[in-house]
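Under our numbering, the first residue of the sequence shown carries the number 909, and numbering increases by one thereafter.
Quick reminder that beta carbons are idealized off the backbone N, C-alpha and C, glycines included.
In this text the structure is predicted, and so the values were computed from the model without any measurement.
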Amino acid sequence: MSSSPSADLKRTPLHARHLAAGARMVDFGGWEMPVQYSGIGDEHMAVRTRAGLFDVSHMGQIEIAGHDALAAVQRMTTNDVARLAEGQIQYSALTTPAGTFIDDVLVYRWAEFHYLLVVNAGNIRKAAQWISAQATESGGDVAVVNASARYALLALQGPAAGSILSEICTVDLESLKYYRFAPGEVAGARAMVSRTGYTGEDGFEIFLQPAQATRVWDAILLAGAEAGIAPCGLGARDTLRLEAGMRLYGNEMDETVSVLEAGLDWIVGWDKATFVGQEALQAQRARGIERGLVAFEMTDRAIARHGYPVLRGDVPCGVVTSGTQTPFLQKAIGFAMVPAELRAPGQELIIDVRGRRAAARVVAEPFYKRARPARPAAGPTRSE
């Protein structure tokens, strides 16, 4: 994430709104995006206690349709798409033959023969090309379209999100279950509303035509003014997702990390017929992983950041993938990739923090969990 955006970066339809609100803009995956408005801590707390509104229009959308779309999506994703009903969403992954991440995705079943995959901003081109190649290889009646330019995407998150959105939305939000979506109107604009998010709070993601994004953004901020809604940037989005134990592509996941090493074995449909990477993941499952992701809390007074070495004696044996001081929990926490023998809860880790040895302890994840209904069978959580 660069703090000096250049003129050739892509911009979302809300770019002018971000500048007018005084947002600090950064280069994120080739997009000029707001990293913060009033401040990361303030925005983080707004989402945990009230509501925050994010522009996530940099995310990609790949549509897959045709009579053989189900078979194609089953082959290219790890989770079992056959379990999805229309209007349901599933967290999944696109993997290499080695079972490592091409991307992590959300799969939306729009209709019997129509699926939408939401992919990470920095992976849009790579994912679209890979999905197209897999669809061609699977054969049959399947069409793939990179529809990313057709959508703007807003995320309204926080305990007040439902009451705010219900004022301007025709979708029955009370009956919209977690990881479900429905069409409707938001502030008079046609939209698709999903009960999803990347913060650990209840919330909604709103798919719109780009031309309607500014109108809906303004309407949500107005509807939420009395509740104390705040526009939020990618900085708070990162601290929120880390507190909630959610992975980020490029940190916890990439083409060198397997689904099992990332601790996401629950997004693998072990019993389905076949998918790319299946044999490698089955073999890794049988023999056990040699390294894996752990959640940790610092026990010494220090903050471990991305890239800091985890030490065994004086020799690096692992690496911190994400780390921060969380505004809500007021703890220094993070994720690290470490040898399998260091993954047990309570295990002490020694992290090289700018040349100083600092102690941490492996803990259960997530760090923060709000009270909510049990997780649906189809899945949750993802990185964006």
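Taking Ala1244 as reference, the option from Gln1255, Leu1130, Arg1278 and Leu922 with the minimal CA-CA separation is Gln1255.
Residue pairing by DSSP places Phe1115 opposite Leu1061 and Met1100 in a beta bridge.
Going by beta carbons, Pro1118 and Pro942 fall outside the 9 Å limit. Following the DSSP letters along the chain, one finds Ala1244 in no alpha helix (DSSP H) but inside the beta strand (DSSP E) bounded by residues Ala1240 to Pro1247. A Cβ-Cβ separation of about 6 Å places Phe1204 in contact with Leu1257 under the 8 Å criterion. The C-beta distance from Glu1169 to Leu1142 rounds to 25 Å, too long to meet the 8 Å contact threshold. Residue state for Ser1000 is assigned as strand, using DSSP reduced to three classes.
From the listed residues Asp916, Glu971, Tyr1087 and Ala931, the smallest Cα separation to Tyr1023 is found for Glu971. Between the alpha carbons of Ile1114 and Ala1095 lies a distance of about 11 Å. With fewer than 16 other Cβ atoms from the protein chains shown falling within 10 Å of its own Cβ, Thr1164 counts as exposed. Gln1042 has no beta-bridge partner at all, per DSSP.
Assignment of Ser965 by DSSP, reduced to helix, strand and coil, places it in the coil class. Under the three-state reduction of DSSP output, Lys918 falls in the strand class.
DSSP lists Ser1102 as the bridge partner or partners of Phe1089.
The segment 935-949 and the segment 1006-1022 do not touch, with fewer than 3 CB-CB distances between them shorter than 8 Å. For Ser1166, the beta-bridge partners assigned by DSSP are Thr1008. Put simply, the backbone Cα of Gly1185 is about 19 Å away from that of Ala977. DSSP, read as helix, strand or coil, puts His1022 in strand.
The three-state secondary structure of Ser946, taken from DSSP, is coil. By the Cβ criterion, the segment 1047-1060 is in contact with the segment 1118-1127, since at least three pairs of Cβ atoms, one from each stretch, lie closer than 8 Å. In the three-state DSSP reduction, Ala1131 falls in the helix class (H, G or I).
In the DSSP assignment, Gln1233 is bridged to Ala1240. Minimum Cα-Cα distance from Cys1225 among the listed residues Gly1231, Ile1259, Lys1239 and Ala1210 corresponds to Ile1259. With respect to the 9 Å criterion, Ile1010 and Leu1150 are not classified as neighbours on the basis of their beta carbons. Contact between Ile1072 and Ala1144 does not hold, since the beta-carbon distance rounds to 17 Å and is not under 8 Å. A direct Cα-to-Cα measurement between Ala1051 and Ala973 gives close to 5 Å. Using a Cβ distance threshold of 9 Å, Gly1048 and Ala979 count as a contacting pair. The alpha carbon of Arg1220 has as its nearest neighbour, out of Tyr1276, Ala1268 and Ile1211, the alpha carbon of Ala1268.
In this structure, the alpha-carbon of Asp1126 lies about 11 Å from that of Ala1133. Around the Cβ of His952, a 10 Å sphere holds 16 or more other Cβ atoms; the residue is buried. The beta-bridge partner set that DSSP reports for Phe936 consists of Trp939. By alpha-carbon distance to Ala1210, the top candidate from Val1015, Arg1251, Gln1190 and Gly1263 is Gly1263. Under the three-state reduction of DSSP, Ile972 is assigned to strand.
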